[in-house]
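Novice: Residue numbers (this note's numbering): 1343 to 1656.
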Ligand SMILES: N[C@@H](CCC(=O)N[C@@H](CS)C(=O)NCC(=O)O)C(=O)O
């Protein structure tokens, strides 16, 4: 199997957790191609992870998910993807990839039940949780790239965020010019262009209406907080969807880790929610990560697969 992944991708993290949980071995059962979503070396230390090793194939590092050759594998231009000779076409979504891996080895290395729960109640609850963290409401890019005022925007434009957005925009412009009829590039340019224009305006490149952007960003943060409150009510405990580890845990964990990183948490303090609370509380006074979410996170952090893939937050 060939896994297309990126260290800074939360949804690739789902696949790495599933591979670890099922005991698949890199180099034997699967190989990794690292698809750099940004620019090589222009991302900070948290975009390193134990699964990027000497056998990992790395490409140039230039928003490579927008390479037409990669779009032939995954027309959404996202990671993760999985290809295998036995599959009629690539799998291009973390939900499908996890379920495929689960089907290959229904019993885990530690003789646990399948990751897709056998009982309907846990399966349905798990699906609700998966849908929630994959929804636009809980998109961690809100925390990473949005800005609620001039100070936050200024900070973004002075850090790696701007380089990341600029690299994407440049690559999209180049590919759009080279392949004007390709259906991917036009809409994606517009999507990335929203943040790109704001960062460019903040850097004094051109004037822009920042106020509407700031207001929308505050609104999105408030909705994000509502989503976290919903998560708090949906968690079953001790694991996300019931008594044993399941696919829902493996989707929630990378999402929460990524949210904490986006809020500038100390990546070695896995249990410290202070930075995340502080960030969200700027638009939602009094925001706290709930006790059930904290309890679940502690349970997850004691899992071997979690410790393997998340020796620190990323
Ligand atoms: N539904 C997809 C979402 C994948 C996704 O959005 N991946 C992000 C990284 S975590 C990505 O590749 N973003 C690149 C982009 O949108 O340009 C999945 O679960 O696999």
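The C-beta atom is built at its ideal place from N, Cα and C for all residues, glycine as well.
Is any heavy atom in ligand 1 found nearer than 7 Å to the beta carbon of residue 1354?
Specialist: With a cut-off of 7 Å, the C-beta of residue 1354 is classified as near ligand 1, since at least one heavy atom of the ligand falls inside that distance.
Novice: Comparing alpha-carbon positions, which option in 1593, 1412, 1525, 1558 lies nearest residue 1573?
Specialist: When only C-alpha atoms are compared, the closest one is 1593.
Novice: With a Cβ-Cβ cutoff of 8 Å, do residue 1603 and residue 1563 count as a contact?
Specialist: no
Novice: Hey, would you say residue 1491 sits closer than 8 Å to residue 1556, going by beta carbons?
Specialist: yes
Novice: Buried or exposed: which applies to residue 1524, given that a residue is buried once 16 or more other Cβ atoms fall within 10 Å of its Cβ?
Specialist: exposed
Novice: Please classify residue 1387: does DSSP put it in a helix, a strand, or coil?
Specialist: Unreliable placement is indicated for residue 1387, whose pLDDT of 46 sits below 50; no coordinate value is reported for it.
Novice: Determine whether the beta carbon atoms of residue 1360 and residue 1424 lie at a separation below 8 Å.
Specialist: no
Novice: Check whether the Cβ of residue 1379 lies closer than 7 Å to any heavy atom of ligand 1, and answer yes or no.
Specialist: yes
Novice: How many Å lie between residue 1651 and residue 1541 at the Cα?
Specialist: Computed Cα separation, rounded: 33 Å.
Novice: Enumerate in chain order the residues of its own chain whose CB-to-CB distance from residue 1311 is below 8 Å, with the five nearest sequence positions on each side excluded.
Specialist: Any property of residue 1311 remains undetermined from this structure, which presents the chain solely from 1343 to 1656.
Novice: Residue 1584 to residue 1591, Cα distance in whole Å?
Specialist: Rounded to whole angstroms, residue 1584 to residue 1591 spans 10 Å at the Cα level.
Novice: Would residue 1351 and residue 1421 qualify as a contact pair, given that the criterion is a beta-carbon distance under 8 Å?
Specialist: yes
Novice: Where do the ends of the alpha helix (DSSP H) carrying residue 1645 lie?
Specialist: For residue 1645, there is no enclosing alpha helix (DSSP H), as DSSP marks it with neither H nor E.
Novice: Check whether the Cβ atoms of residue 1349 and residue 1440 lie closer than 8 Å to each other.
Specialist: No, they are not a contact pair.
Novice: Give the C-beta separation of residue 1609 and residue 1654 to the nearest angstrom, bearing in mind that I take them to be a contact with Cβ-Cβ under 8 Å.
Specialist: About 4 Å; that satisfies the 8 Å criterion.
Novice: Can you give the Cα-Cα distance for residue 1344 and residue 1404, rounded to whole angstroms?
Specialist: The straight-line gap from Cα to Cα measures roughly 21 Å.
Novice: May I ask whether a heavy atom of ligand 1 can be found less than 7 Å away from the beta carbon of residue 1436?
Specialist: yes
Novice: Under a three-way DSSP split, which group does residue 1373 fall into?
Specialist: strand
Novice: Count the other C-beta atoms from every protein chain shown that fall within 10 angstroms of the C-beta of residue 1418, then say buried if there are 16 or more, exposed otherwise.
Specialist: With fewer than 16 other beta carbons inside 10 angstroms of its own, residue 1418 counts as exposed.
Novice: Quick one: grab the DSSP three-state call for residue 1604.
Specialist: helix
Novice: How many angstroms separate the CA atom of residue 1532 from the CA atom of residue 1580?
Specialist: Each residue's Cα considered, the two are about 42 Å apart.
Novice: Does the separation of the CB atoms of residue 1607 and residue 1618 fall below 8 Å?
Specialist: yes
Novice: Starting from residue 1507, trace the beta strand (DSSP E) in both directions and tell me its first and last residue.
Specialist: For residue 1507, there is no enclosing beta strand (DSSP E); the enclosing alpha helix (DSSP H) has its first and last residue at 1502-1520.
Novice: With residue 1424 as the anchor, note down where its beta strand (DSSP E) starts and where it stops.
Specialist: 1423-1425
Novice: Determine whether the beta carbon atoms of residue 1459 and residue 1445 lie at a separation below 8 Å.
Specialist: no
Novice: I need the straight-line Cα distance from residue 1517 to residue 1530, nearest angstrom please.
Specialist: 11 Å
Novice: CB-CB under 6 Å to residue 1387, same chain, minus the five flanking residues each way: which ones, in chain order?
Specialist: Because the pLDDT at residue 1387 is just 46, under 50, the model does not fix this residue reliably, and the value given afterwards should be weighed accordingly. Nothing listed; no residue qualifies.
Novice: Between 1568, 1358, 1575, which has its C-alpha nearest residue 1477's C-alpha?
Specialist: 1568
Novice: Whole angstroms are fine: how far does the CA of residue 1576 sit from the CA of residue 1605?
Specialist: 23 Å
Novice: Give every residue of the same chain whose Cβ lies closer than 8 Å to the Cβ of residue 1545, excluding the five residues on either side of it in the sequence, and list them in chain order.
Specialist: 1499, 1504
Novice: Which one or two residues does DSSP pair with residue 1429 in a beta bridge?
Specialist: BP columns for residue 1429 are empty, so no partner.
Novice: So residue 1347 is in the beta strand (DSSP E); what residue range does that whole segment cover?
Specialist: Its beta strand (DSSP E) spans residues 1344-1347.
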